[in-house]
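**Student:** Before I ask anything, let me first share the structure, which is written out below as structure tokens.
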Amino acid sequence: MSILSVKDLKVRYSASGPEILKGVSFEVDADDFFAIIGPSGAGKSTLIRCINRLVEPKSGEITLYGTDVLALNSRGLRKLRRDVGMIFQEFNLVDRMSVMDNVLSGRLGYVGNITALFRLFSKKDISRALSVLDRVGLSDHVDKRADQLSGGQRQRVGIARALMQDPKLLLLDEPTSSLDPKISREVMELIVEIAAEYKMPVLCNIHDVQLAMEFCTKMIGLQDGIKMFDGPTAKMNTKKLDEIYAMEVL
Amino acid sequence: MTTAEATAREADRIIAARSRTKLMHSAIYLVVLAFVLWSVKTTIVDDTDWARLGSLADVLESISEFVGIDWGLVPNLWEPAIETIMVATLGTLLGVIVCVPAIWFGALNITPYAPITYPLARLMMTLSRSIHEIVWALFFVAAVGLGALAGVLAIAVRSVGFIAKMSAEAIEDLDPKPVEAIRAVGGSDFQVFIYAILPQVLPAMISVIIFEWEINIRRSSVLGLVGAGGLGLVFFRQLNTFNHPGVSTVILAILVLILFGEFVSYYVRKAII
Amino acid sequence: MASSATTHRHSQTRRESPREWRRFKFPESLYRWAGVLLGLVFLSYSIIYLNIPLERFFTMFGRVGALITDRYYPPEIDYVTQPEYLASVWETIQMAYLGGMFGMAMAIPLGWFGSYNMTPHRRFVYPLARFVTMSTRSVHETIWAILFVTILGFGMMAGVLALTMFCIGFAGKLFAEEIEAIDMGPVEAIRATGASELSVMVYAVFPQVRVAFTGIGIYTWDVAFRAATVVGFFGAGGMGWYLKRNVLQIETLRVSAILVSIVVLVLIAEGISAWARARVAKAK
Numbered sequence: 000m001s002i003l004s005v006k007d008l009k010v011r012y013s014a015s016g017p018e019i020l021k022g023v024s025f026e027v028d029a030d031d032f033f034a035i036i037g038p039s040g041a042g043k044s045t046l047i048r049c050i051n052r053l054v055e056p057k058s059g060e061i062t063l064y065g066t067d068v069l070a071l072n073s074r075g076l077r078k079l080r081r082d083v084g085m086i087f088q089e090f091n092l093v094d095r096m097s098v099m100d101n102v103l104s105g106r107l108g109y110v111g112n113i114t115a116l117f118r119l120f121s122k123k124d125i126s127r128a129l130s131v132l133d134r135v136g137l138s139d140h141v142d143k144r145a146d147q148l149s150g151g152q153r154q155r156v157g158i159a160r161a162l163m164q165d166p167k168l169l170l171l172d173e174p175t176s177s178l179d180p181k182i183s184r185e186v187m188e189l190i191v192e193i194a195a196e197y198k199m200p201v202l203c204n205i206h207d208v209q210l211a212m213e214f215c216t217k218m219i220g221l222q223d224g225i226k227m228f229d230g231p232t233a234k235m236n237t238k239k240l241d242e243i244y245a246m247e248v249l
Numbered sequence: 000m001t002t003a004e005a006t007a008r009e010a011d012r013i014i015a016a017r018s019r020t021k022l023m024h025s026a027i028y029l030v031v032l033a034f035v036l037w038s039v040k041t042t043i044v045d046d047t048d049w050a051r052l053g054s055l056a057d058v059l060e061s062i063s064e065f066v067g068i069d070w071g072l073v074p075n076l077w078e079p080a081i082e083t084i085m086v087a088t089l090g091t092l093l094g095v096i097v098c099v100p101a102i103w104f105g106a107l108n109i110t111p112y113a114p115i116t117y118p119l120a121r122l123m124m125t126l127s128r129s130i131h132e133i134v135w136a137l138f139f140v141a142a143v144g145l146g147a148l149a150g151v152l153a154i155a156v157r158s159v160g161f162i163a164k165m166s167a168e169a170i171e172d173l174d175p176k177p178v179e180a181i182r183a184v185g186g187s188d189f190q191v192f193i194y195a196i197l198p199q200v201l202p203a204m205i206s207v208i209i210f211e212w213e214i215n216i217r218r219s220s221v222l223g224l225v226g227a228g229g230l231g232l233v234f235f236r237q238l239n240t241f242n243h244p245g246v247s248t249v250i251l252a253i254l255v256l257i258l259f260g261e262f263v264s265y266y267v268r269k270a271i272i
Numbered sequence: 000m001a002s003s004a005t006t007h008r009h010s011q012t013r014r015e016s017p018r019e020w021r022r023f024k025f026p027e028s029l030y031r032w033a034g035v036l037l038g039l040v041f042l043s044y045s046i047i048y049l050n051i052p053l054e055r056f057f058t059m060f061g062r063v064g065a066l067i068t069d070r071y072y073p074p075e076i077d078y079v080t081q082p083e084y085l086a087s088v089w090e091t092i093q094m095a096y097l098g099g100m101f102g103m104a105m106a107i108p109l110g111w112f113g114s115y116n117m118t119p120h121r122r123f124v125y126p127l128a129r130f131v132t133m134s135t136r137s138v139h140e141t142i143w144a145i146l147f148v149t150i151l152g153f154g155m156m157a158g159v160l161a162l163t164m165f166c167i168g169f170a171g172k173l174f175a176e177e178i179e180a181i182d183m184g185p186v187e188a189i190r191a192t193g194a195s196e197l198s199v200m201v202y203a204v205f206p207q208v209r210v211a212f213t214g215i216g217i218y219t220w221d222v223a224f225r226a227a228t229v230v231g232f233f234g235a236g237g238m239g240w241y242l243k244r245n246v247l248q249i250e251t252l253r254v255s256a257i258l259v260s261i262v263v264l265v266l267i268a269e270g271i272s273a274w275a276r277a278r279v280a281k282a283k
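The listed protein sequences derive, respectively, from chains A, B and C.
Using numbering that gives the first Met the number 0, the letters of the first sequence map in sequence onto residues 0 to 249.
Using numbering that gives the first Met the number 0, the letters of the second sequence map in sequence onto residues 0 to 272.
Using numbering that gives the first Met the number 0, the letters of the third sequence map in sequence onto residues 0 to 283.
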């Protein structure tokens, strides 16, 4: 049974602007590690941001664990977002806060405004944060400021923040594009391991086809807002890749 | 027509154009100068009571009355000096509190409903900055009576414009990426503000607030002139009793106070940045 | 460093990480609470020391509203459109621009002497120039107005001089900062030709700061105009005198009309100043 199903998703940012997504549909199962590949400007980032409605689609249908995502009110949307972890290309950490506070901010979907204002997180949250930081290998950097870390370490903080949410689905937006090749590989390995531990499906935008082929179980190929390929990684071949990236050559 | 002729003609044209613009400029300067001279005549020459002023020697004599320090006054300056600092501090703090809605409404990227709330905030900022602190103090003396409270309120209201304007600009320039991240974890608007916006703009805001505090010491040192206590009141009293060295003493005290403010603000700003 | 996750997994001697965590460890937490406590003590002490009637503060909002509607509304607009008052507005404008001009004329050399990189003498002229700008700035414009009124008598001359002093301090500091931020390359080049310090200023420094100085000049005029609206309060000419008279006579409707006229004028001045500065910045 599929966990996430997207049907005929269409997006345009302004009434007169171009259509970014032109009716995309796909299904994600419980143990999928899905890669979304395609040339830049194909709509990968937009697609992934529709799942937790950081971008509002124009029409279509998104169902996640049986919930109609597009029908949610703002309270329901907050609930949904806390179940969906997200990891960003440029980490999107708050540079001036400590690693610990950045990780704890992953709990914000669960706590009220007063807790957030005075940063009164429970002992349980703190000990959870410590073990998550252990898991991503940052237990020596708990009290450092986020901007004192290297790129790879910063992405690990981003992963830890997503894990704090106790997510049921992980969205990755180009998690490795700001990292060098060696560290990219390490980060991808870590994410694959964690996804298996938490038994959650992953949806990953990635421009590096090599990495995608290596780590992902399924693939969607996007080109100019249209789905060109959808299937197991094993079925992807050079010819199809050429087709997807044809626009980039022009 | 040969090329040489054409070049010569072109040069003539450029020279003519230049002398034309030169003439224009001189004419403008002349008009401005005439206007200035006329202004000087109407404001300074016509409006001054030259008989009261007397000769240059008389002027120098009345200036010399101000030379000197009234040491007897110095012990009496402590209390008003502390009052002045306190009024400036409380006023700045209250100003910061009043600022919060102005900043929230006045930053285009977080204002709740731009067509109404944004102009409202701009109006608040402009009113605060365009009315002089003396006028604000007069208004609050009428509202809450003589005393330090009127001074605190005047300072607070006068501070709102600058602090809010600079902070709103800082918020408009912030990095939107952490904002997106906090939204994505399910944070409410308030949590987005506390976690993603405030940490980014806090250093700039504190720096602006301290700068404003420094200016507010200067302001609160004169609010006594309209009945709001502090050094201004002592100044007024010395002047009314014709104790001119005392007047100079108070001015020196104000200078010392402001130096103290600059000193504190320099170190605090260094510590936070 | 980024591979610490893998090294952690491989090393068997995994450090027992503390399950307890506090935002502020022992000495910092103490300083922090002490700081907060000190701030609160100072705050409450100030309120007591200044005799601030808190109950009056909290009931103030209703009272201010009532005050405005009962006594300050509607403003007597006829009063501010009579020719006498308009003449005083014109006087105010004249005072502001004359004061601004004289002040700027003196602030430019002061800015030169008070900039650390260009000052003719770092041990003597520089601190002196800094002291002059600092003290003219620190003394509030109303104090200058009162002093000049005491020495020179009532009239616009006192106002012009008070605004001159104000502008010296205000623009002098900004000018000095602007000169300190210049590129020293051209300065060295002109110095290498054997030019005098004045020629260095004219050929190497002035072209670099011309646009910024113009912008500061316009801004100074704008600020001086705001100050000019009140120097008359202490007898130094302009519309401030009308304000004082009506405040003393408790003609509140006229006072509010004057306040409205001040706000409108300042808004116009600010608009002109913003427009002019934008044009100057574009001409760069």
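Note that CB positions come from ideal geometry on N, CA and C, so glycine has one too.
What's the C-alpha gap between Val265(C) and Thr125(B)?
**Tutor:** Within the third sequence, the letter at position 266 stands for residue 265(C). Within the second sequence, the letter at position 126 stands for residue 125(B). Approximately 9 Å between the Cα atoms of the pair.
**Student:** Using the Cβ count rule (16 or more neighbours within 10 Å means buried), how would you classify Phe165(C)?
**Tutor:** Counting from one through the third sequence, the residue named residue 165(C) turns up at place 166. Flag for Phe165(C) reads buried.
**Student:** Check for me: the alpha helix (DSSP H) holding Met99(A) runs from which residue to which?
**Tutor:** Counting from one through the first sequence, the residue named residue 99(A) turns up at place 100. Where Met99(A) is concerned, the enclosing alpha helix (DSSP H) stretches over Val98 to Leu103.
**Student:** Can you tell me where the beta strand (DSSP E) holding Ala34(A) begins and where it ends?
**Tutor:** Stepping through the first sequence from its first residue, residue 34(A) is reached at position 35. Where Ala34(A) is concerned, the enclosing beta strand (DSSP E) stretches over Phe32 to Ile36.
**Student:** Verify the CB distance criterion: does Arg134(A) have a CB-CB separation below 8 Å to chain B?
**Tutor:** Taking the first sequence and counting its residues from 1, one reaches residue 134(A) at position 135. Chain B contact via Cβ: absent.
**Student:** When the Cα atoms are used, what is the spatial distance from Ile249(C) to Ser129(B)?
**Tutor:** Locating residue 249(C) in the third sequence gives position 250, where the first residue counts as 1. Locating residue 129(B) in the second sequence gives position 130, where the first residue counts as 1. The straight-line gap from Cα to Cα measures roughly 23 Å.
**Student:** With respect to the beta strand (DSSP E) encompassing Thr62(A), which residues constitute its N-terminal and C-terminal limits?
**Tutor:** Within the first sequence, residue 62(A) is the residue found at index 63, counting from 1. Here the beta strand (DSSP E) through Thr62(A) covers Ser58 to Leu63.
**Student:** Report yes or no: is there a C-beta of chain C within less than 8 Å of the C-beta of Ala20(A)?
**Tutor:** As a first step, residue 20(A) is located in the first sequence; it is residue number 21 there, counting from the start. Note on residue identity: the sequence assigns Leu, not Ala, to residue 20(A). With 8 Å as the cut-off, Leu20(A) does not count as an interface residue toward chain C.
**Student:** Going by the CB atoms, is the gap between Ile253(B) and Asp138(C) shorter than 8 Å?
**Tutor:** The sequence position of residue 138(C) within the third sequence is 139, counting from 1. The sequence position of residue 253(B) within the second sequence is 254, counting from 1. Before going further, note that residue 138(C) is Val rather than Asp in the sequence given. A contact, by the Cβ cut-off of 8 Å.
**Student:** For the region 114-142 of chain C, list every residue whose C-beta sits within 7 Å of some C-beta in chain B, in sequence order.
**Tutor:** For the region 114-142 of chain C, which is checked against every Cβ of chain B, the residues closer than 7 Å are Ser134, Ser137, Val138, His139, Thr141 and Ile142.
**Student:** Would DSSP call Pro166(A) helix, strand or coil?
**Tutor:** In the first sequence, residue 166(A) corresponds to position 167, counting from 1. Correct three-state label for Pro166(A): coil.
**Student:** Have a look at Val23(A) and Ala41(A) and give me their C-alpha separation to the nearest angstrom.
**Tutor:** Position 24 of the first sequence, counted from the start, is the residue given in the question as residue 23(A). Position 42 of the first sequence, counted from the start, is the residue given in the question as residue 41(A). The straight-line gap from Cα to Cα measures roughly 12 Å.
**Student:** Using Cβ-Cβ distances below 8 Å, what residues of the region 200-227 of chain B are close to chain C?
**Tutor:** The region 200-227 of chain B vs chain C, Cβ under 8 Å: Arg217, Arg218, Ser220, Val221 and Leu224.
**Student:** Measuring straight from C-alpha to C-alpha, what distance separates Ile267(C) and Val35(C)?
**Tutor:** One-based indexing of the third sequence puts residue 267(C) at position 268. One-based indexing of the third sequence puts residue 35(C) at position 36. Roughly 44 Å separates the two Cα atoms.
**Student:** By how many angstroms is the C-alpha of Lys176(B) removed from the C-alpha of Gly65(A)?
**Tutor:** Here residue 65(A) is taken as the residue at index 66 of the first sequence, counted from 1. Here residue 176(B) is taken as the residue at index 177 of the second sequence, counted from 1. C-alpha separation (whole angstroms): 30 Å.
**Student:** Along the alpha helix (DSSP H) that carries Leu46(A), what are the first and last residues, could you check?
**Tutor:** As a position in the first sequence, residue 46(A) is number 47, starting the count at 1. Where Leu46(A) is concerned, the enclosing alpha helix (DSSP H) stretches over Lys43 to Ile50.
**Student:** In whole angstroms, what separates the C-alpha of Leu92(B) from that of Ala155(B)?
**Tutor:** Taking the first residue of the second sequence as position 1, residue 92(B) is located at position 93. Taking the first residue of the second sequence as position 1, residue 155(B) is located at position 156. Roughly 7 Å separates the two Cα atoms.
**Student:** Which residues in chain A sit within 8 Å of Arg182(B), going by Cβ to Cβ distance?
**Tutor:** Position 183 of the second sequence, counting from 1, holds the residue named residue 182(B). Here the neighbours are Leu53 and Arg80.
**Student:** Does DSSP classify His9(C) as helix, strand or coil?
**Tutor:** Numbered from 1 along the third sequence, position 10 holds the residue referred to as residue 9(C). In this predicted model, His9(C) has a pLDDT of only 40, less than 50, meaning its place in the structure is not dependable; the value taken from the coordinates is given anyway. Here His9(C) sits in helix by DSSP.
**Student:** Judging by CA-CA distance, which residue of Phe23(C), Ser198(C), Thr219(C) and Lys243(C) is the nearest neighbour of Ala273(C)?
**Tutor:** Start at 1 with the first residue of the third sequence, and residue 273(C) comes out as number 274. Ranking Phe23(C), Ser198(C), Thr219(C) and Lys243(C) by Cα distance to Ala273(C) puts Thr219(C) first.
**Student:** For Ile257(B), which three-state DSSP category applies?
**Tutor:** If you number the second sequence from 1, residue 257(B) lands on position 258. The answer is helix: DSSP assigns Ile257(B) an H, G or I state.
**Student:** Give every residue of the same chain whose Cβ lies closer than 7 Å to the Cβ of Leu107(A), excluding the five residues on either side of it in the sequence, and list them in chain order.
**Tutor:** Position 108 of the first sequence, counted from the first residue, corresponds to residue 107(A). Cβ neighbours of Leu107(A) beyond the five flanking positions: Ala115.
**Student:** For the candidate residues Thr216(A), Arg77(A), Pro180(A) and Leu76(A), whose alpha-carbon lies nearest to that of Lys231(A)?
**Tutor:** In the first sequence, residue 231(A) corresponds to position 232, counting from 1. Checking the displayed sequence, the identity of residue 231(A) turns out to be Pro instead of Lys. Nearest C-alpha to Pro231(A): Thr216(A).
**Student:** Could you please tell me which residues of the region 162-195 of chain B, in chain order, have their CB closer than 7 Å to any CB of chain A?
**Tutor:** Listed by position, the residues of the region 162-195 of chain B near chain A (Cβ gap below 7 Å) are Lys176, Pro177, Glu179, Ala180, Ile181, Arg182, Ala183, Val184, Gly185, Gly186, Ser187, Phe189, Gln190, Ile193, Tyr194 and Ala195.
**Student:** So the candidates are Arg144(A), Leu189(A) and Asp165(A); which of them puts its Cα closest to the Cα of Ala128(A)?
**Tutor:** Here residue 128(A) is taken as the residue at index 129 of the first sequence, counted from 1. Answer by Cα proximity: Asp165(A).
**Student:** Since Val10(A) contacts Ile2(A) with CB under 8 Å, what's their CB separation in whole angstroms?
**Tutor:** The sequence position of residue 10(A) within the first sequence is 11, counting from 1. The sequence position of residue 2(A) within the first sequence is 3, counting from 1. In fact, because the Cβ distance is near 22 Å, the residues do not count as touching under 8 Å.
**Student:** Can you grab the Cα-Cα spacing for the pair Thr141(C) / Gly214(C), in whole Å?
**Tutor:** Here residue 141(C) refers to the residue found at position 142 when the third sequence is read from its first residue. Here residue 214(C) refers to the residue found at position 215 when the third sequence is read from its first residue. Distance between the alpha carbons of Thr141(C) and Gly214(C): 25 Å.
**Student:** Does DSSP classify Asp124(A) as helix, strand or coil?
**Tutor:** Residue numbering aside, residue 124(A) sits at position 125 when the first sequence is read from its first letter. Of the three classes helix, strand and coil, the one that applies to Asp124(A) here is helix, per DSSP.
**Student:** Taking all protein chains shown into account, do 16 or more other C-beta atoms lie within 10 angstroms of the C-beta of Phe214(A), making it buried, or fewer, making it exposed?
**Tutor:** The count along the first sequence starts at 1 and reaches residue 214(A) at position 215. That one is buried.
**Student:** Please confirm whether Leu173(C) and Gly98(C) have their CB atoms less than 8 Å apart.
**Tutor:** For the purposes of this step, residue 173(C) is taken as residue 174 along the third sequence, with counting starting at 1. For the purposes of this step, residue 98(C) is taken as residue 99 along the third sequence, with counting starting at 1. Contact: no.
**Student:** What does Tyr48(C) touch in chain B if you count any residue whose Cβ is under 8 Å from its own?
**Tutor:** Within the third sequence, the letter at position 49 stands for residue 48(C). Under the 8 Å cutoff, chain B gives Ile81, Glu82 and Met85.
**Student:** Following the continuous alpha helix (DSSP H) through Ser13(A), name the residue where it begins and the one where it ends.
**Tutor:** Against the first sequence, residue 13(A) aligns to sequence position 14. That residue, Ser13(A), is in no alpha helix (DSSP H); it is neither H nor E in DSSP.
**Student:** Does the distance from the C-beta atom of Ser166(B) to that of Ile271(B) stay below 8 Å?
**Tutor:** Start at 1 with the first residue of the second sequence, and residue 166(B) comes out as number 167. Start at 1 with the first residue of the second sequence, and residue 271(B) comes out as number 272. Taking 8 Å as the Cβ cut-off, Ser166(B) and Ile271(B) do not qualify as a contacting pair.
**Student:** Counting C-beta neighbours from all protein chains within 10 Å, is the total for Leu171(A) 16 or more, i.e. buried, or is it exposed?
**Tutor:** Along the first sequence, read from residue 1 onward, the residue named residue 171(A) stands at position 172. The residue is buried, with at least 16 neighbouring Cβ atoms inside 10 Å.
**Student:** By a C-beta neighbour count over all protein chains shown, 10 Å radius and 16 as the cutoff for buried, is Val44(B) buried or exposed?
**Tutor:** Along the second sequence, one-based indexing puts residue 44(B) at 45. It is exposed - the Cβ of Val44(B) has fewer than 16 other Cβ atoms within 10 Å.
**Student:** I'd like to check one pair, Ile193(B) with Val178(B): are the Cβ atoms closer than 8 Å?
**Tutor:** Stepping through the second sequence from its first residue, residue 178(B) is reached at position 179. Stepping through the second sequence from its first residue, residue 193(B) is reached at position 194. No, the Cβ-Cβ distance between Val178(B) and Ile193(B) is not below 8 Å.
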